[in-house]
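Below is one structure, written out as structure tokens; comments come after it.
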Amino acid sequence: MTAVALAAGVLTAALWTDVQARARAGHEQAALGRADAHLAALRRDVASTEHADTVTTTQRAGLRSSISSTLEQLTSLNSVLASTDGHAVQQGDSIDVIQTCLGGVQNALNQIAARNNGGAAGDISAVSGPCSQLDGGSIAGLVYPFDFPDPAVTLVGQTYFAYATNSVAGNIQIVQSNDLTDWTAVGNALPSLPAWAAPDFTWAPAVAQLGGKFLLYYAADVAGSETECISVATADQPQGPFIDASTAPLECQPALGGSIDPDSFVDTNGTPYLVWKSGGPGSSRLWSEQLAPSGTAMAPGAAPTLVLTPDQGWQAGTVEAPDLVAAGGRYFLFYSGNDWNSANYAVGVALCAGPSGPCRDVSPTPVLAGGPGVAGPGGETVFSDTAGSYWVAFHAWVPGAVGFPNSRDLYL
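Position 151 of the sequence shown, counted from 1, bears residue number 151 in our numbering, the numbering being contiguous throughout.
Have a look at this one:
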């Protein structure tokens with residue numbers, strides 16, 4: 001069997017996810033397309049409610065100022081829905097589901113105004129199902145219809161935990177599920193940052209379990225500079241709170257444009273590695289380095305090894321968001337390519353000889369790209385469920401609402 005054939009077997013889940021996402025072609029028709037546009041705006045306003053008890057006074061003031069305009073959008077949207085109810089029924093979408101989703105969003109905004117962020121997070125979790133149904137439902141791969149970029153999913157016992165880039169209120173978002181369909185907001189996995197890290201710039205988390213501890217790797221800006229570096233925090237349970245007592249980053253390559261997008265990988269023999277990206281657009285590289293057994297420091301004598309550079313036209317000079325997977329005796333390095341802030345973002349894969357490479361790109365075209373219903377999928381994580389089947393978690397934009405500050409929803 002060839003290496004490409006082996007890759008195809010492991011990528012079955014990713015390709016099937018792509019097929020499912022493309023099945024949403026009929027969803028964005030005129031009436032509900034207008035409703036989706038309003039809903040996308042609402043999701044931006046309430047992204048912070050996925051975390052309890054972490055919104056600062058300044059952030060609350062900003063959120064309160066957006067409530068009045070959001071409620072105006074709700075009023076306008078209800079008028080639109082009233083006139084397009086017939087179209088919704090024809091497409092199998094219930095007007096009640098739409099109004100339930102929007103009602104939960106409005107309740108969350110009211111909770112923010114009352115400074116009850118725990119209640120707001122609960123309101124968002126309560127309408128995750130209806131909002132997913134409105135946006136295409138889990139059949140299309142959408143499982144959490146709120147801003148959840150760069151997802152990392154891990155299974156602990158019978159519970160799945162997903163972590164994501166900060167979204168206004170929290171340093172690292174966390175949600176959990178028992179069935180990969182219904183996801184509940186847990187809160188902020190990383191309540192505080194080390195003194196060297198700047199607030200509001202934490203992203204692309206990865207979680208590993210080593211020596212009875214849970215380790216959260218994440219990227220952050222160094223305070224007082226624009227240098228991006230990687231750090232690690234520890235916790236006794238997957239929900240956190242994760243504590244980072246570091247006085248300096250774990251990995252930082254300022255001469256190469258910084259270090260971001262950490263991926264934690266534990267080899268089949270138990271040896272941990274860190275894989276990450278250096279550089280900005282047009283100069284990015286992927287690196288690997290062995291970690292110490294604790295996972296909180298690099299192994300003595302270890303050094304970064306270059307494992308992948310962009311060499312495909314569709315990547316537009318950027319490879320990032322690495323995710324190293326061992327399966328069938330081979331190593332597969334998934335990555336995202338192109339501009340993260342556009343519909344051109346997509347996922348590719350390389351075959352590696354080991355955790356430190358060398359790696360060979362086998363994606364002349366993306367293995368997961370946008371299509372009807374989703375735009376710019378990326379930030380992928382491959383994980384296995386309780387039955388041992390592979391899944392791919394990724395974020396994607398809603399077509400027509402691409403680019404920051406629009407939401408990147410969670411798909412499986």
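Using N, Cα and C, we set each Cβ at its ideal position, and we do this for glycine too. These figures come from a predicted structure and were not determined experimentally.
Asked, Found
"Beta-carbon gap between A197 and A162 smaller than 7 Å", "no"
"Under the three-state DSSP convention, the category A350 falls into", "strand"
"Which listed residue (G348, E228, S264) has its alpha carbon closest to that of P249", "E228"
"Contacts around V325, its chain only, beta-carbon distance under 6 Å, and the 5 residues preceding and following it disregarded", "F332, V382"
"Coarse secondary structure for W340, derived from DSSP in three states", "coil"
"Those residues which DSSP pairs with V186 across a bridge", "DSSP output for V186 lists no bridge partner at all."
"Three-state secondary structure (DSSP) of G313", "helix"
"Enclosing beta strand (DSSP E) for L250 [first to last residue]", "It is not in any beta strand (DSSP E) - L250 carries neither H nor E in the DSSP assignment."
"Burial state of F214, where buried means 16 or more other Cβ atoms lie within 10 Å", "buried"
"Neighbourhood of L210 by C-beta distance below 8 Å, restricted to the same chain and skipping five residues each side", "V266, P272, P293, S294, G295"
"Three-state secondary structure (DSSP) of A197", "strand"
"N- and C-terminal bounds of the beta strand (DSSP E) containing R360", "359-361"
"Whether D150 touches W203 by CB criterion (7 Å)", "yes"
"Burial state of A255, where buried means 16 or more other Cβ atoms lie within 10 Å", "exposed"
"Contact check, V275 vs S284, beta carbons under 7 Å", "no"
"Rounded straight-line distance, which links the Cα of Q290 to that of G301", "9 Å"
"Segment limits, beta strand (DSSP E) that includes T165", "159-165"
"R360 burial status per 10 Å Cβ neighbour count (16 or more: buried)", "exposed"
"Contacting residues, own chain, Cβ-Cβ under 7 Å from Y160 (five flanking each side not counted)", "V153, Q176, S177, L180"
"Coarse secondary structure for D45, derived from DSSP in three states", "In this predicted model, D45 has a pLDDT of only 45, less than 50, meaning its place in the structure is not dependable; the value taken from the coordinates is given anyway. Looking at D45 - three-state DSSP - the assignment turns out to be helix."
"Option nearest G371 by Cα separation, candidates V398, D263, V362", "V398"
"Cut-off 7 Å between Cβ atoms - residues of its own chain near V186, not counting five sequence neighbours on either side", "I174, V175, Q176, Q239"
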